[in-house]
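There are 2 protein chains.
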Amino acid sequence: VGEIFDGRIGVIGSGALGAFYGARLLRSGRDVHFLMRRDYEHVREHGLQVYSKDGDFHLRPPVYESVDELGRCDLVIIGLKTTDNAAIPELLAPICDAHTIVLTLQNGLGNEEAIASALERFGSGAEQVIGGVAFLCSNRTAPGVINHTDHGWLRIAEFRGEPRLRTHAIAAAFEKAGISCEVHRRVVAIRWEKLVWNVPFNGLGVAANRADSAIIMGDDTLFRCARGLMEEVVAAARADDVEVTPSHVERMIDYTRSMGAYKSSMQIDYENGRPLEIEAIIGEPMRRAQCAGIPVPRMEMLYGVIRRSV
Amino acid sequence: VGEIFDGRIGVIGSGALGAFYGARLLRSGRDVHFLMRRDYEHVREHGLQVYSKDGDFHLRPPVYESVDELGRCDLVIIGLKTTDNAAIPELLAPICDAHTIVLTLQNGLGNEEAIASALERFGSGAEQVIGGVAFLCSNRTAPGVINHTDHGWLRIAEFRGEPRLRTHAIAAAFEKAGISCEVHRRVVAIRWEKLVWNVPFNGLGVAANRADSAIIMGDDTLFRCARGLMEEVVAAARADDVEVTPSHVERMIDYTRSMGAYKSSMQIDYENGRPLEIEAIIGEPMRRAQCAGIPVPRMEMLYGVIRRSV
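In structure tokens form, the structure reads like this:
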């Protein structure tokens, strides 16, 4: 412990999340390389501009248009939208070997599994996967421009087994970059805890005709639905042997009250006609509950309704 | 019994439902008078045209533009949309006295109560109210034109107390007009039984982005939601001491399978930008369940979501 991860880092999915964390790591001295799609030309010519509550900065990062150019990495940070997960095997193929660690900071459930399965071709797999949950408010406001408005801390955990030296070394790299990063013992635990907020506020944000957090908190029925959904997530987490405390639900409710009129990522995607992360945030949690015989009537309603909205 | 109601009948809300039943009663020799709004001019000049699976016919009915012109009735048949229920007191005032019977064929819960309260000014009230449930597929396709495509039978019951001679006399009038009309002992029972279909298929028809009955029956999650909603209605009915049999749920499922791609009235209203009967069909059943401490999570989700769609 105390060691800081010092290998070659590749960022896949350099949007509002990936580009933000990658830029902070790069600025703090890490060796970070970015795969970019739509912003490639702009960032190559003008660099990356981060406006942040923690201080604005500008960087000229190493940027690549394809994974073949990006080449082998010691650590891959995945910030892809989960709706692009089908591309993970081909994205990882040219940049991973048996020693590469893959850290996913994506939303919802099922991402570690998808990555582990893609890594099997290198003779590694689940043991090289680290899961992380980001509490970050940031947006890509223009090509090469990230606006970081609030929060930013991380929780990470090995997908299989206890935290290792490398887990702490990666956390230390984030900490050195000014990003608070807690190391946890079980990735499913931090994922389900985040779902306690994500399921109701992403789900109702789309299903209830673009209800932001203030609308949901201020409407008796919608608030009742949100609380009921939170309790269903707590119950569903037991399908993965995760015991979320009731106080976490109360904390999430207080936290949401403090946020004002906040739009969830799924709501913003919906308003912009982009694909919705329905499967990772609602579908997969719902199916795990159903397989374990845990009733999740409200999640089923959300899933049924939202799948018809896309 | 055997007697046929022979008083002066007024039809309030002469749309696809009211005009259809009124026209059938008129054709069979009853003394029926129609209050009409948007179709008044047309029907006064050209009469009422009914296209029906039971045979087409044309009538020139007595038609009125206001309740003052319509005048006192022995029986008022209410076919108003429940979203217009606030107008009931002023509509009934010039046409009712203490002896007038009011039969509501409207959707959902709470209509008999609204009418009973409006009748109190005449020194009558709940004892003059009869509730009815219509199983009718008909549309107003143009001014003065009704298209009756399927079904048409009625179930009626006194709002307070056991069936009386008058209940059977009214049913006999419908029967003589070729409309099958069952007399039941409890109006809440026939209303809750109809809600077993109306809540899921009207509700999901709007919430799940205009899902017709075939879409709902063909999607695993939506079908699960629909069945769950049916079971919630069965449970909620106990708030009114109504015991709906489980076989009724199965019958409704089979019935829906036989319908093909059917659009509920709320879905059609939604598609045409008209007010939705949310309170009568979902809100009031939900509140009765909540007051009785019966959990109705799916109904709450529907109510929360649909109220945001209007």
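Order-wise, the sequence lines are chains A and B. Residue numbering for the first sequence is 32 to 341, as defined by the numbering used here. Residue numbering for the second sequence is 32 to 341, as defined by the numbering used here. Using N, Cα and C, we set each Cβ at its ideal position, and we do this for glycine too. None of these values were measured; they are calculated from a predicted model.
Of A:Glu331, A:Gly249, A:Glu96, the smallest CA-CA separation from Ile43 (chain A) is found for A:Glu96. Interface criterion not met: the Cβ of Asp300 (chain A) is under 8 Å from no Cβ in chain B. According to the DSSP secondary-structure assignment, Trp184 (chain A) is paired through a beta bridge with A:Phe166. Ile146 (chain A) is positioned such that its CB atom lies closer than 8 Å to that of Ile119 (chain A).
With a cut-off of 8 Å on Cβ pairs, the region 128-141 of chain A is in contact with the region 149-157 of chain A, counting three or more such pairs. Between Met297 (chain A) and Ile312 (chain A), the beta carbon gap of about 7 Å places them in contact (Cβ cut-off 8 Å).
Rounded to whole angstroms, the gap between the alpha carbons of Lys225 (chain A) and Ala239 (chain B) is 26 Å. Nearest CB-CB separation between Tyr334 (chain A) and chain B: below the 8 Å threshold. For Ala173 (chain B), the three-state secondary structure derived from DSSP is strand.
Between the C-alpha atoms of Arg197 (chain A) and Phe36 (chain A) there is a straight-line separation of about 7 Å. Contact annotation: Val214 (chain B) and Ile177 (chain B) have beta-carbon atoms that are not nearer than 8 Å. Taking the Cβ atoms as the reference, Val273 (chain A) lies roughly 5 Å from Ala220 (chain A), within the contact range of under 8 Å. In the displayed model, Leu123 (chain B) falls within a helix according to three-state DSSP.
In the displayed model, Tyr82 (chain B) falls within a strand according to three-state DSSP.
The C-beta of Ser340 (chain B) comes closer than 8 Å to at least one C-beta of chain A. Interface flag for Thr172 (chain A) against chain B is unset, since no Cβ pair is found closer than 8 Å. In summary, Ala173 (chain A) is exposed, with fewer than 16 beta-carbon neighbours lying within 10 Å of its beta-carbon over all protein chains present. For the pair of segments examined, the region 56-74 of chain B was found not to touch the region 314-327 of chain A: the number of CB pairs separated by less than 8 Å stays below three.
Taking a Cβ-Cβ threshold of 8 Å, the residues of chain B close to Asn240 (chain A) are Val336, Arg339, Ser340, in chain order. Less than 8 Å divides the Cβ of Asp271 (chain B) from the Cβ of Trp223 (chain B). Per DSSP, the continuous alpha helix (DSSP H) segment holding Ile146 (chain B) begins and ends at 142-150. Taking each of A:Gly41, A:Gly46, A:Leu307 in turn and checking the Cα distance to Arg338 (chain A), the smallest one comes out for A:Leu307. Bounds of any alpha helix (DSSP H) do not take in Leu90 (chain B); it lies within the beta strand (DSSP E) bounded by 88-90. Sequence-distant Cβ neighbours of Leu106 (chain B) in its own chain, meaning closer than 6 Å and more than five residues away, are Gly38, Ile40, Ile132. In its chain, beyond the 5 residues on either side, Arg191 have a beta carbon closer than 6 Å to the beta carbon of Glu158 (chain B). For Cys256 (chain B), at least one C-beta of chain A is nearer than 8 Å to its own C-beta. Using a Cβ-Cβ cut-off of 8 Å, Arg305 (chain B) does not count as an interface residue toward chain A, since no Cβ of chain A sits closer than that to its own. With fewer than 16 neighbouring CB atoms inside 10 Å of its own CB, Asp85 (chain A) falls in the exposed class.
The DSSP-derived three-state label of Glu189 (chain B) is strand.
With at least 16 other beta carbons inside 10 angstroms of its own, Glu310 (chain B) counts as buried. Closer than 8 Å to the CB of Arg329 (chain A) there is at least one CB belonging to chain B. Two segments are said to touch when three or more pairs of C-beta atoms, one from each, lie closer than 8 Å; by this definition the region 201-208 of chain A does not touch the region 237-254 of chain A. Using a CB distance cut-off of 8 Å, Gly49 (chain B) does not count as an interface residue toward chain A. For the region 247-274 of chain A, the set of residues with a beta-carbon nearer than 8 Å to any beta-carbon of chain B comprises Asp250, Thr252, Leu253, Arg255, Cys256, Gly259, in chain order. Excluding the 5 residues flanking it on each side, Val341 (chain A) has same chain C-beta neighbours closer than 6 Å at Leu307, in chain order. In the structure shown, the three-state DSSP call for Asp271 (chain B) is helix.
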